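Position one of the sequence shown corresponds to residue 1 (the UniProt record's numbering), numbered consecutively onward. Idealized CB from N, CA, C, for every residue including glycine. Because the structure is a prediction, the values reported are computed rather than measured. Written below as C-alpha cells is the structure these notes are about.
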Amino acid sequence: MLDRRHVLGGVALLAAPEALARRARSDDFDSFLGGVRAEARGKGISQATLARAFAGLRPNQRVIELDRRQPEGAMSWEEYRDRIMVSPTRIANGQRNYAENLTLLRSIETRFRVSPRVIVAIWGVETNFGGNTGGFGVIEALATLAWEGRRASFFRQELLAALRVLDGGHVAPGRMTGSWAGAMGQPQFMPTNFERMAVDFDGDGRRDIWDSRADALASIAHYFQRSGWREGEPWGRAVLPPPGFAPEAADTDSRRSLRDWARMGFRAEDGSPLPASDLEAALVLPSRGSGQLFLGHHNLRVIRRYNSPVNYGLAVGLLSDRFG
Numbered sequence: 001m002l003d004r005r006h007v008l009g010g011v012a013l014l015a016a017p018e019a020l021a022r023r024a025r026s027d028d029f030d031s032f033l034g035g036v037r038a039e040a041r042g043k044g045i046s047q048a049t050l051a052r053a054f055a056g057l058r059p060n061q062r063v064i065e066l067d068r069r070q071p072e073g074a075m076s077w078e079e080y081r082d083r084i085m086v087s088p089t090r091i092a093n094g095q096r097n098y099a100e101n102l103t104l105l106r107s108i109e110t111r112f113r114v115s116p117r118v119i120v121a122i123w124g125v126e127t128n129f130g131g132n133t134g135g136f137g138v139i140e141a142l143a144t145l146a147w148e149g150r151r152a153s154f155f156r157q158e159l160l161a162a163l164r165v166l167d168g169g170h171v172a173p174g175r176m177t178g179s180w181a182g183a184m185g186q187p188q189f190m191p192t193n194f195e196r197m198a199v200d201f202d203g204d205g206r207r208d209i210w211d212s213r214a215d216a217l218a219s220i221a222h223y224f225q226r227s228g229w230r231e232g233e234p235w236g237r238a239v240l241p242p243p244g245f246a247p248e249a250a251d252t253d254s255r256r257s258l259r260d261w262a263r264m265g266f267r268a269e270d271g272s273p274l275p276a277s278d279l280e281a282a283l284v285l286p287s288r289g290s291g292q293l294f295l296g297h298h299n300l301r302v303i304r305r306y307n308s309p310v311n312y313g314l315a316v317g318l319l320s321d322r323f324g
C-alpha cells in the first residue's frame, strides 16, 4: 500500500516546478514593467500617472489566449455581409442613430467635410453605435501583449502612447477600457491613433472617445479627413459584368472611368447603365464571395485605411448607403 505521505510528497515535488515557473514569470513581468516605467519617465510621463496605471498590474491570460488563437473557418462574403455587418438589426439601429444625431453629424460634416453616413457606419460596425466598446483594461491588455513577446515592439509603443493619453487627463485609468488588443472607445482607436486623430469636439478640454459622442464621432471624421476622404464622391457600387467575364482573371489594379467600364459592358447591379462619368473606379472582388462584383472609387480605399480587409470596406460602404 502506498504511504499517504509519499503520495503527498510526490504531489509537492510535481507542483514545485510549476510554482517556480509562475514565480519566474511574475518576476519577469515585474522586470518588464520596470523597464517601461523607466522609459516612460524618460519621455516625461509623470510618476503619479505611472503609479496609478501600474498599481496591481498583472498579465491577463485571456489576452494572451486571444492573441494566440488561430482563426476558425472564415465566413463567406454573403454571410459576413448579411448576418454580421449589414444585418437588418444594424441597419435599423443605424437609421435611428443617424436621425437622432443628425444635428451633431451636420456640424461635424461642416468642419471635416466627411459624409455623416460613413461616420455612422464606422460607429456601427466598430462598437455597435457605442454600445460595445470592449471590457478589457487598455493598460493591462497592452502591457500583457508588450511583455508576452509576439509583436512586442509594436505593443510597447502603444502602451507608452496609452500612458501619455492617461497623463494628458483625457480619461481616468478605470474608464480606459477597450478591446483585448488595446483598441479604445467608440471609434476603437489604438493609442497612437488617438494621439494623431482624436479631437475635442465638445470643447471640454478632453478628447473623450469613451463617453462623449461628439468627440467620438468627430474623431472618426477627422481620421477620414486625414486619410484623404473626397467630399461628395461615392465609395463604390455593385455591378454586373459583361458576358464571359472570368472573376479569376479579373484585373483589380487598373482604374478606369465609369464611362470606360460601361463601354466594356459593365452595368449597375439592377441592370441599368452606369453613369456616363469620368470618375475613376477599379474592380473589387469580395474575399470568399460567390459572384458579387463591385467598382470601388477612391473613397473605398479611404475606408480601408481605417481597417484594411476588403470585405470590411465593402460592408461599411453598403451599410452607409442605408442611412440618410
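Just to confirm, is the Cβ distance from residue i to residue j under 8 angstroms?
| i | j | result |
| --- | --- | --- |
| residue 293 | residue 249 | no |
| residue 316 | residue 303 | yes |
| residue 320 | residue 235 | yes |
| residue 170 | residue 199 | no |
| residue 182 | residue 246 | no |
| residue 268 | residue 274 | yes |
| residue 55 | residue 94 | no |
| residue 202 | residue 215 | yes |
| residue 227 | residue 305 | yes |
| residue 256 | residue 276 | no |
| residue 148 | residue 191 | no |
| residue 272 | residue 311 | no |
| residue 224 | residue 118 | yes |
| residue 33 | residue 57 | yes |
| residue 105 | residue 217 | yes |
| residue 322 | residue 91 | yes |
Drop a sphere of 10 angstroms on the beta-carbon of residue i, count the other beta-carbons inside from all chains shown, and report buried for 16 or more, exposed for fewer.
| i | result |
| --- | --- |
| residue 99 | exposed |
| residue 111 | exposed |
| residue 38 | exposed |
| residue 103 | exposed |
| residue 208 | buried |
| residue 213 | buried |
| residue 219 | buried |
| residue 330 | The structure shown does not extend to residue 330, since the chain is modelled only from 1 to 324, so the question has no answer here. |
| residue 188 | buried |
| residue 5 | Here the model assigns residue 5 a pLDDT of 47, short of 50, so the residue's position is not dependable and the matter cannot be decided. |
| residue 324 | exposed |
| residue 307 | exposed |
| residue 150 | exposed |
| residue 126 | buried |
| residue 153 | exposed |
| residue 61 | exposed |
| residue 139 | buried |
| residue 242 | exposed |
| residue 264 | exposed |
| residue 130 | buried |
| residue 108 | buried |
| residue 254 | exposed |
| residue 115 | buried |
| residue 132 | exposed |
| residue 313 | buried |
| residue 309 | exposed |
At which residues does the beta strand (DSSP E) containing residue i begin and terminate?
| i | result |
| --- | --- |
| residue 282 | 280–284 |
| residue 237 | 236–240 |
Compare the C-beta of residue i with all C-beta atoms of chain D and state if any pair is closer than 8 angstroms.
| i | result |
| --- | --- |
| residue 162 | Any reference to chain D falls outside this structure, which holds one protein chain only. |
What residue range does the alpha helix (DSSP H) around residue i cover?
| i | result |
| --- | --- |
| residue 193 | 191–197 |
| residue 224 | 213–226 |
| residue 53 | 47–54 |
| residue 62 | 61–68 |
Assuming residue i contacts residue j under a Cβ cut-off of 8 angstroms, what Cβ separation, rounded to an integer in Å, is found between them?
| i | j | result |
| --- | --- | --- |
| residue 179 | residue 134 | 4 angstroms |
| residue 177 | residue 59 | Between residue 59 and residue 177 the Cβ distance is about 17 angstroms, and since that is not below 8 angstroms, they are no contact. |
| residue 290 | residue 76 | 7 angstroms |
| residue 252 | residue 167 | About 45 angstroms separates the two Cβ atoms, so there is no contact after all. |
| residue 297 | residue 233 | 6 angstroms |
| residue 186 | residue 261 | Contact flag wrong, Cβ pair sits at about 37 angstroms. |
| residue 155 | residue 146 | 4 angstroms |
| residue 163 | residue 53 | 6 angstroms |
| residue 81 | residue 318 | 7 angstroms |
For this session: Starting from the N-terminal side, write out each stretch of the alpha helix (DSSP H) that is 4 residues or longer and does not extend beyond the region 99–174.
Result: 102–112, 116–127, 138–148 and 152–167
Problem set entry | Every unbroken beta strand (DSSP E) within the region 253–323, with a cutoff of 3 residues, ordered by chain | 280–284 and 293–296
Exercise. Whole beta strand (DSSP E) runs in the region 77–101 with 3 or more residues, listed along the chain?
Worked result: none
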